[in-house]
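In our numbering, the protein residues as written are 2 to 273. In this text, a Cβ means the ideal position worked out from N, Cα and C, and glycines have one as well. So the structure is just underneath, and the comments pick up after that.
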Amino acid sequence: MKSSIIESIKSLPPLSKTIVDINKVYADEESGVVDLAKVIEGDPMIVANLLKNANSALYGFGREIRNVSQAVSLFGMSMTRSIALGNSVRKLLNVDMQPYGITSEKFAEISSMQATLMLKWYKQIDRQKADKLYLATFLQETGKILIASDVIEEDESMSFQSEVEHSNNLAQLEKSYVDVTSSEVTAEVFEHWGFEQEFVEMIKYADNPSAAPDELKEYATALNIIKTIVPVNQPFSEQSINFGLRRARDAGYKYELLEDAIDDMLDTMEAS
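Shown next, in the form of structure tokens:
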């Protein structure tokens, strides 16, 4: 990993008190959605982002969501935590995704797409694993923020963006520019912030699932499949969908379940 990226990670500010409190509530088996809503209500930025997501066509709740309690009840604790974390992380890291050819808003939207597709797919396989994977999927592209920043600093934005536009393997492209993939950077970021080791490790190997420890291989493979189908440069393109379905089939999944989840997502997006 480039020393400049290592230094960027080391200099990251701590997560906000609200996020720390959200994590505490989520980890407490005695806590519920009411406790989580109370914590969130004290942070106007998280409230605004949560309600924006709740009223997005992507989630298809079908009615206007006007308060935090409603949103938390509909999303559940796992999804609420993921959305709050994703927004706060992007604010902390000062997002400029120009080297990837997208806006910060589009980057956030793609993260939501990836996480929603994962949930639609994996809840048909194992609901408990789906909840774990939802958070990891929502945050797995975080490393791209620091890679983009480094590429800008090195004055390589134009060449990088030109290659991103036509790339079918963003991890390989990232490696060629900064000696590391976004999954590896993301893992280092969340290790810096003290996240649980399982979460860190499943993301770390998402660009190379075959290298993952046996107990994490399924998680890393699932993350890899989703980012293949919804890459930041070609989300839900015919080619990326075909690549992803092929990887799912090769990994031994009933790829029809994933295909159904993709069709459901595309229908929702077209209707919005």
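Closest Cα partner of residue i within the set the options
i	options	result
G87	Y60, I47 and Y254	I47
S238	H167, S9 and E154	H167
D132	I10, Q173, L52 and Y27	Y27
I226	V201, E202, P214 and G253	G253
D36	S4, R82 and Y135	R82
E175	E157, F191 and E192	E157
V1	Y256, R248 and L16	Outside the shown range of the chain, which is 2 to 273, sits residue 1, and nothing can be said about it.
K11	G33, Q99, M98 and E192	E192
E110	I126, Q71 and Y60	Y60
I6	T187, E197 and E199	T187
F108	E30, G144, P45 and L134	G144
Y178	E106, E189, M159 and E31	M159
G33	V73, D44 and P45	V73
P100	N234, Y206 and M78	N234
M270	K255, K25, Q240 and T117	T117
Distance CB(residue i)-CB(residue j) smaller than 9 Å
i	j	result
T138	A85	no
L171	P236	no
S184	Q141	yes
D151	S9	yes
L217	E197	no
Y135	M114	no
A49	Q71	no
A58	A272	yes
Presumed contact (8 Å Cβ cut-off) between residue i and residue j, rounded CB distance
i	j	result
I204	L224	7 Å
K121	D265	6 Å
F244	T229	5 Å
P14	L93	6 Å
D180	K3	5 Å
Q162	G102	5 Å
Discussion item. Give the list of continuous beta strand (DSSP E) stretches no shorter than 3 residues that lie fully inside the region 121-186.
Written reply: The qualifying runs do not exist here; there are none.
Worksheet entry | Minimum length 4: unbroken alpha helix (DSSP H) runs contained in the region 25-110 | List check, alpha helix (DSSP H) in window: 34-41, 45-55 and 69-93.
Item to complete: Run through the region 212-263 for me and flag every whole beta strand (DSSP E) of 3 or more residues, listed as ranges in chain order.
Response: Whole beta strand (DSSP E) segments, 3+ residues: zero.
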